[in-house]
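Colleague: For reference, the structure I am asking about is given below.
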Amino acid sequence: MAETTIQTQIRAKLYSADIARIAYLIGVDGGGTGTRVVLADLDGKQLARGAAGPSALAHGRPQAWDAILQAIDDAFAQAHLTLPALSEIAIACGLSGVNNAQWAAELKALNPGFALLLTETDAGTTLIGAHHGAPGAVIALGTGSVGEVLQSDGQRREVGGWGFPVSDEASGARIGMRAVNYLQRVLDGRAAGSRFADAIYAHCGGDKDAVFRWLAQANQTRYAEVAPLVFQHAAESAFARDMLLDAGHEVEAIADALDPTHTLPLALCGGLAGALLPFLPEGLRQRVRAPLGDSASGALILLQQHLRST
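Positions in the sequence shown are counted from 1; adding 120 to them yields my numbering.
Shown next as structure tokens:
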């Protein structure tokens, strides 16, 4: 079959970079809860998606590569394709923690053999995916949280994203941490018991010693695993509902900092975006629109843009 014009252009770029064997493109979205990848051919046609465990760089750079490679294996299996040598793959990774220069350098140094590796923050690839590269703002709400805006003049700016536990407002990790703090207050007698508290207690082991053991091992991911209990009990528990309303106001503060004039399109992305929508202030709910694509798709767009401009 004859190559398309896009394939021919990309092939020419690859030859000039001495990586002409590339046959596949991969976009990666890696966070504190999971890793999602999209597998595409040189035209950018999506062939399959894959998933694996967390690849946030805060959990370790070797661990990030382990998760990314597992997700890639899954994508090739879903596409019913044999995994080729990594030297035949170009990859762009949008990862939590890439804004830490040392972590990013360590990740690149551990490249297991990909012909081309691009790195970007997961917020950056979420922004690209949400508006297909056009100006706009995005707030990613998952295990962590961060906002990013691409202005009409091409400038990009980030709000939040300082990392857990000092930042990540309105994230699953912060919501879960507040829920565990509420449980501590109930166990101390500083707050009244409830079915909401009982659910958190059971999740953390069901007795006080187990809660201490749970806390000793708690990290961003484990706190985020508590967040679904907050949503499940919001209708019956004022404590749970107030936590989510507070998170909604944090989202509003991020949105206003990103775009004070409220003139750019705004998308909410991430695993908590839909669940938090009912708890946003009314004015913000009216501004939000669905993203055009996700972070993995944004990483793929970033990779294609790089190949065409090299």
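Don't be surprised by glycine CBs; every beta carbon is placed ideally from N, CA and C.
Computed from a predicted model, the values in this text were never measured in an experiment.
In angstroms with no decimal places, state the Cα-to-Cα distance between L145 and V300.
Modeller: If you number the sequence shown from 1, residue 145 lands on position 25. If you number the sequence shown from 1, residue 300 lands on position 180. C-alpha of L145 to C-alpha of V300: approximately 41 Å in a straight line.
Colleague: Could you have a look at E240 and say whether DSSP puts it in helix, strand or coil?
Modeller: Position 120 of the sequence shown, counting from 1, holds the residue named residue 240. Assignment of E240 by DSSP, reduced to helix, strand and coil, places it in the strand class.
Colleague: Go through its chain and collect everything with a Cβ distance to I374's Cβ below 6 Å, but skip five positions before and after it.
Modeller: As a first step, residue 374 must be located in the sequence shown, where it is residue number 254. Around I374: I259, G267, V279, G280.
Colleague: Thinking C-alpha only, which one of S207, G256, A171, P348 is nearest A293?
Modeller: Walking along the sequence shown from the start, residue 293 turns up at place 173. Considering only alpha carbons, the answer is P348.
Colleague: Mind reading off the beta-carbon distance from A187 to G170? Whole number of angstroms is fine, and I expect it under 8 Å.
Modeller: For the purposes of this step, residue 187 is taken as the residue at position 67 of the sequence shown. For the purposes of this step, residue 170 is taken as the residue at position 50 of the sequence shown. Rounded, the Cβ-Cβ distance is 11 Å, inconsistent with contact.
Colleague: Hey, could you find the ends of the alpha helix (DSSP H) A175 is sitting in?
Modeller: Here residue 175 is taken as the residue at index 55 of the sequence shown, counted from 1. In the sequence as presented, Ala is not what sits at residue 175; that position holds Ser. Premise fails: S175 is in no alpha helix (DSSP H) and is neither H nor E.
Colleague: Thinking just about the alpha-carbon of each residue, which of W185, G253, G394 is nearest to the one in A419?
Modeller: Counting from one through the sequence shown, the residue named residue 419 turns up at place 299. Per the Cα distances, G253.
Colleague: Does the distance from the C-beta atom of L236 to that of A210 stay below 8 Å?
Modeller: Here residue 236 corresponds to residue number 116 of the sequence shown, with the count starting at 1. Here residue 210 corresponds to residue number 90 of the sequence shown, with the count starting at 1. The answer is yes: Cβ separation under 8 Å.
Colleague: Rank T263, P285, G256, A330 by C-alpha distance to the C-alpha of I274 and give the top, closest one.
Modeller: Within the sequence shown, numbered from 1, the residue matching residue 274 stands at position 154. This sequence places Gly at residue 274; Ile is not what is there. When only C-alpha atoms are compared, the closest one is G256.
Colleague: Does DSSP put Q166 in a helix, a strand or coil?
Modeller: Along the sequence shown, read from residue 1 onward, the residue named residue 166 stands at position 46. Here Q166 sits in strand by DSSP.
Colleague: Can you confirm whether the region 328-337 touches the region 389-409 when touching is taken to mean that 3 or more C-beta pairs between the two stretches lie within less than 8 Å?
Modeller: Contact fails: fewer than three Cβ-Cβ distances are below 8 Å.
Colleague: Assuming H353 and A360 form a contact by the criterion Cβ under 8 Å, report the distance between their Cβ atoms to the nearest whole angstrom.
Modeller: For the purposes of this step, residue 353 is taken as residue 233 along the sequence shown, with counting starting at 1. For the purposes of this step, residue 360 is taken as residue 240 along the sequence shown, with counting starting at 1. Confirmed, about 4 Å.
Colleague: Could you give the distance in angstroms between the alpha-carbon of Q166 and the alpha-carbon of L307?
Modeller: Sequence index remark: in the sequence shown, residue 166 carries index 46 (1-based). Sequence index remark: in the sequence shown, residue 307 carries index 187 (1-based). Rounded to the nearest angstrom, the two C-alpha atoms are 51 Å apart.
Colleague: Put I142 into one of helix, strand or coil per three-state DSSP.
Modeller: Along the sequence shown, read from residue 1 onward, the residue named residue 142 stands at position 22. In the structure shown, the three-state DSSP call for I142 is coil.
Colleague: Suppose you measure from the CA of I142 to the CA of G296; what does that come to, to the nearest Å?
Modeller: Position 22 of the sequence shown, counting from 1, holds the residue named residue 142. Position 176 of the sequence shown, counting from 1, holds the residue named residue 296. Rounded to whole angstroms, I142 to G296 spans 43 Å at the Cα level.
Colleague: Can you tell which of L396, R405, P380, T341 has its C-alpha closest to the C-alpha of R362?
Modeller: Residue mapping note: residue 362 aligns to position 242 of the sequence shown, counting from 1. Here residue 362 is Asp; the residue named in the question, Arg, does not match the sequence. Out of L396, R405, P380, T341, the CA that lies nearest to the CA of D362 is found in L396.
Colleague: Distance, Cα to Cα, R103 vs P385?
Modeller: There is simply no residue 103 to check, as the chain begins at 121 and stops at 430 in what is shown.
Colleague: Run the CB neighbour count on E240, radius 10 Å, all protein chains shown included, and call it buried at 16 or more, exposed below.
Modeller: Position 120 of the sequence shown, counted from the first residue, corresponds to residue 240. When all chains shown are included, E240 counts as buried.
Colleague: Let me make sure I understand the geometry here. Which of L215, D193, G150 has the alpha-carbon closest to that of L206?
Modeller: Residue 206 sits at position 86 when you count from the first residue of the sequence shown. Closest option to L206, Cα to Cα, is D193.
Colleague: Does the beta-carbon distance from L159 to L227 come in below 8 Å?
Modeller: For the purposes of this step, residue 159 is identified with residue 39 of the sequence shown, where counting begins at 1. For the purposes of this step, residue 227 is identified with residue 107 of the sequence shown, where counting begins at 1. Cβ atoms of L159 and L227: not closer than 8 Å.
Colleague: Starting from the N-terminal side, write out each stretch of the beta strand (DSSP E) that is 3 residues or longer and does not extend beyond the region 357-427.
Modeller: Every beta strand (DSSP E) of 3 residues or more that sits fully in the region 357-427 is shown, in chain order, as 386-389.
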